[in-house]
Each structure stands twice: as C-alpha cells, then as structure tokens.
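So the structure is just underneath, and the comments pick up after that.
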Amino acid sequence: MSTAEPTQKTRKVKTNKFVLILEQFLERYNLSAESSPEQLSEHAPELNALLPDWKARKCVKEALARGTEKRSAFSKEQKEALVPDQRNMIYSVRKRAQEVTKSEDKWDIFINTLDLGPKGSKDRVIDDKEMVASSSNQSRFRKYLAEYGADRELIDRYAKDSKTTTASNKIQQERTEKRLANPGRTPEHFTFEKVHRRLQNIDTSKIPSMQDLADVIVMLSMRPAEVSSLQIINYKPDSEDPPAWYKAGYSWYCTGCRKQRDKPMPIRLLSMEKDPERARELLTWIQDAIKAGKLRDPVYTETGNRNNVPFAKFIKSLKTNQDEDEITPSF
Numbered sequence: 020m021s022t023a024e025p026t027q028k029t030r031k032v033k034t035n036k037f038v039l040i041l042e043q044f045l046e047r048y049n050l051s052a053e054s055s056p057e058q059l060s061e062h063a064p065e066l067n068a069l070l071p072d073w074k075a076r077k078c079v080k081e082a083l084a085r086g087t088e089k090r091s092a093f094s095k096e097q098k099e100a101l102v103p104d105q106r107n108m109i110y111s112v113r114k115r116a117q118e119v120t121k122s123e124d125k126w127d128i129f130i131n132t133l134d135l136g137p138k139g140s141k142d143r144v145i146d147d148k149e150m151v152a153s154s155s156n157q158s159r160f161r162k163y164l165a166e167y168g169a170d171r172e173l174i175d176r177y178a179k180d181s182k183t184t185t186a187s188n189k190i191q192q193e194r195t196e197k198r199l200a201n202p203g204r205t206p207e208h209f210t211f212e213k214v215h216r217r218l219q220n221i222d223t224s225k226i227p228s229m230q231d232l233a234d235v236i237v238m239l240s241m242r243p244a245e246v247s248s249l250q251i252i253n254y255k256p257d258s259e260d261p262p263a264w265y266k267a268g269y270s271w272y273c274t275g276c277r278k279q280r281d282k283p284m285p286i287r288l289l290s291m292e293k294d295p296e297r298a299r300e301l302l303t304w305i306q307d308a309i310k311a312g313k314l315r316d317p318v319y320t321e322t323g324n325r326n327n328v329p330f331a332k333f334i335k336s337l338k339t340n341q342d343e344d345e346i347t348p349s350f
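Residues in the sequence shown are numbered consecutively from 20, following the numbering used here.
Right, here's the structure in full:
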C-alpha cells in the first residue's frame with residue numbers, strides 16, 4: 020500500500036491596507052525605482068496624508084525596500100524622499116520660521132501657518148489627534164517667529180489660526196473632563212503624607228537622587244519640563260501702582276512656566292512646602308545638581324534633545340513598590 024507524500028503549502032505574504040495604498044499610489048502617479056528622489060519628494064506630502072502614524076510609514080518603507088513582481092525595490096535615498104522621517108518635523112517648523120522672518124512678508128507667514136494646519140484624509144476627515152498636533156505645530160511656529168525677531172503685530176495677525184486653536188482646545192478640554200471623571204488612583208508612594216515626610220528629611224548638603232527630584236516636582240505641582248526653567252522669586256511692590264500680575268497680600272511668585280512662555284508673567288507660588296524659602300532652596304538644589312551633571316534632567320539631555328525614558332522608568336518602578344518610602348533604582 021503506497022502512502023501519498025504530503026504536499027507543502029506555500030504561505031502567501033500577508034498584505035495590509037497600507038501596502039495596497041502604496042501600490043495604488045505608485046501606479047496612479049507612474050512612480051518606480053527609476054524615478055529620481057526629486058520626483059518622489061513632490062508626491063511625499065500626499066502619500067503622508069494617507070498614512071496615519073509611524074507604524075503605517077514603517078510598513079510602507081519596508082514594502083518599498085522589498086519590491087514586488089511588478090516593480091523593483093527602492094533605494095534608501097528614494098525611500099526617504101517618498102516617505103521622509105516625520106521626527107524631523109520640529110526642525111522644519113523652525114526652518115520655516117527662520118526663512119519667513121528673513122523675507123519679512125506677511126503673506127509668507129499666513130501661507131505657512133495654513134500649511135501647518137490640519138490636512139485631513141482623502142475624505143477630508145480630520146481626526147482629533149491631527150487637530151491637536153496641527154495646533155501644536157502652529158503654536159511652535161509662532162514661538163520661533165518671535166525668537167527670530169519677526170514683527171509681533173504680524174505674528175498676532177497672520178500666524179494665528181483661531182479655528183484650529185479653538186477646535187484643539189475643545190478636544191483637549193474634553194479629554195481633561197474624561198480624565199477627571201475617571202481619575203486614576205494616586206500611587207501610595209506619592210500620597211501627601213509620604214511626600215511631605217520625605218521633603219522634611221531631605222539633606223541639601225548631599226547629592227539629590229531621582230526620588231528627591233520626583234518629590235520636588237510633586238511639591239511644586241510643576242511639569243517635569245519646567246524643572247530647569249522654573250524660578251521662585253520674592254516680590255514686594257515699591258510703588259502704589261503694582262504690575263497687573265501682582266496679588267495683594269502675596270510676596271512669592273514663580274517665573275519660567277512653559278505654559279506662559281508667550282506671556283512671561285509671574286504666577287503665584289503654590290507649594291506643598293509652606294515655607295517659601297525652603298521651597299526655593301530645594302528647587303535651587305535640584306537645578307544646581309542638574310547643571311553640574313550630578314543629576315539628570317527629567318526631560319532634556321545635555322544637548323537639548325527630549326529623552327524622558329530614564330525618569331519615566333523610575334516613576335514606573337514606584338508602581339510595583341508602593342509600600343516602600345525610599346527606592347534607589349540604578350540606571
């Protein structure tokens with residue numbers, strides 16, 4: 020009795036919708052491995068609008084590198100021309116502002132502001148994520164224009180997209196309300212009593228730890244990105260006409276808040292540590308250690324790039340050690 024030999028089944032490579040979008044896009048515009056990077060870059064913005072996130076762009080880049088039966092694989096230079104790295108977006112916004120400031124043309128400001136606005140998909144649908152990101156890009160554009168010396172009146176008149184800003188603020192407000200309606204439980208490690216006790220026991224003659232850094236951030240209810248910029252000042256008006264930001268009866272204020280970088284007005288000091296002199300001492304202690312390289316900034320590297328991974332890992336480690344008051348993880 021003869022036994023039939025098992026036949027091997029060949030598995031087809033799974034094709035996702037972004038690969039199909041790519042192939043249709045290449046066919047529509049007659050693009051191939053023979054196309055120059057300059058030709059490909061002309062179509063990059065339209066293709067990018069069809070790819071919602073970095074995963075989709077990664078998938079498309081891999082498909083370009085593989086090639087198919089109908090077309091040859093694209094080179095690295097061609098891939099970057101057709102699907103440029105979106106991480107360079109922050110530099111393109113800065114470069115736009117620099118070039119526009121040189122031209123001193125109000126319509127250049129206006130056109131670039133609109134270009135940084137939301138594009139929407141093929142069906143002209145703009146999702147919440149894109150709306151918020153576009154508003155952020157426009158805000159950064161205004162900031163860089165001011166840095167490079169553009170006329171403030173032109174910035175206020177031609178670099179503001181009120182429709183996008185209003186929509187973005189509404190989305191973020193709704194997100195905030197959802198979070199407030201379902202607040203996460205405060206980790207035991209960061210309850211008021213435990214943080215306050217650790218603050219009282221801090222010895223500023225020693226080098227601060229990541230734990231000390233986290234406690235000072237909680238103490239001042241500040242963003243991690245404000246650690247190096249925040250300043251605590253003591254202000255007493257010497258005239259009968261104090262500035263608009265001054266609150267009668269209060270002498271201690273904060274400057275350097277990132278949210279107020281466009282309007283650098285001091286705000287009232289709010290601190291878990293009720294002695295303002297002690298609060299300022301703790302903040303300065305942390306800042307001096309960061310400047311000396313003895314403590315890492317929670318958000319920025321020495322070169323100014325964003326990298327909050329070490330600090331985020333430290334905070335995450337506290338969730339698994341909520342009953343311990345002192346944790347010193349190694350990095």
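C-beta atoms are modelled at their ideal positions from N, C-alpha and C, and glycine is treated no differently.
Note that the structure is predicted; figures quoted are calculated from it, not measured.
Item	Value
For Val214 and Leu337, the rounded distance between their alpha carbons	13 Å
Of the residues Ala92, Cys276, Gln105, Lys77, the one placed nearest Ile251, counting alpha carbons only	Cys276
Contact set for Asp316: own chain, Cβ-Cβ below 7 Å, skip 5 residues either direction	Val246, Ser247, Ile309
Rounded separation between Asp222 and Ile305 - CA only	12 Å
Neighbourhood of Phe93 by C-beta distance below 6 Å, restricted to the same chain and skipping five residues each side	Ala52, Leu83
Nonlocal neighbours in the same chain, by C-beta distance under 6 Å from Leu41, ignoring five residues either side	Val79, Ala82
Bridge partner(s) assigned by DSSP for Thr274	Gln250
Under 8 Å between C-beta atoms of Asn253 and Trp271	yes
Pairwise C-alpha distance: Lys225 and Pro71	48 Å
Sub-8 Å separation of Arg161 and Ile174 beta-carbons	yes
Proximal residues to Leu45 (C-beta, below 8 Å), its chain only, five neighbours per side dropped	Ser51, Arg90
Top-ranked residue by Cα proximity to Pro329, from Lys266, Ser240, Met291, Ser228	Ser228
Arg115 burial status per 10 Å Cβ neighbour count (16 or more: buried)	buried
Tyr177 burial status per 10 Å Cβ neighbour count (16 or more: buried)	buried
Beta-carbon contacts of Glu149 that lie in its chain and below 7 Å, excluding the five residues immediately before and after	Pro137
Asp180 vs Thr132 beta-carbon contact at 8 Å	yes
Within-8 Å CB hit, Asp134 to chain C	Here there is only one protein chain, and chain C is not present.
Contact under 8 Å by Cβ, Gln192 with Val151	no
Three-state secondary structure (DSSP) of Tyr319	strand
From Phe209, Ala100, Lys77, residue whose alpha carbon lies closest to that of Pro56	Ala100
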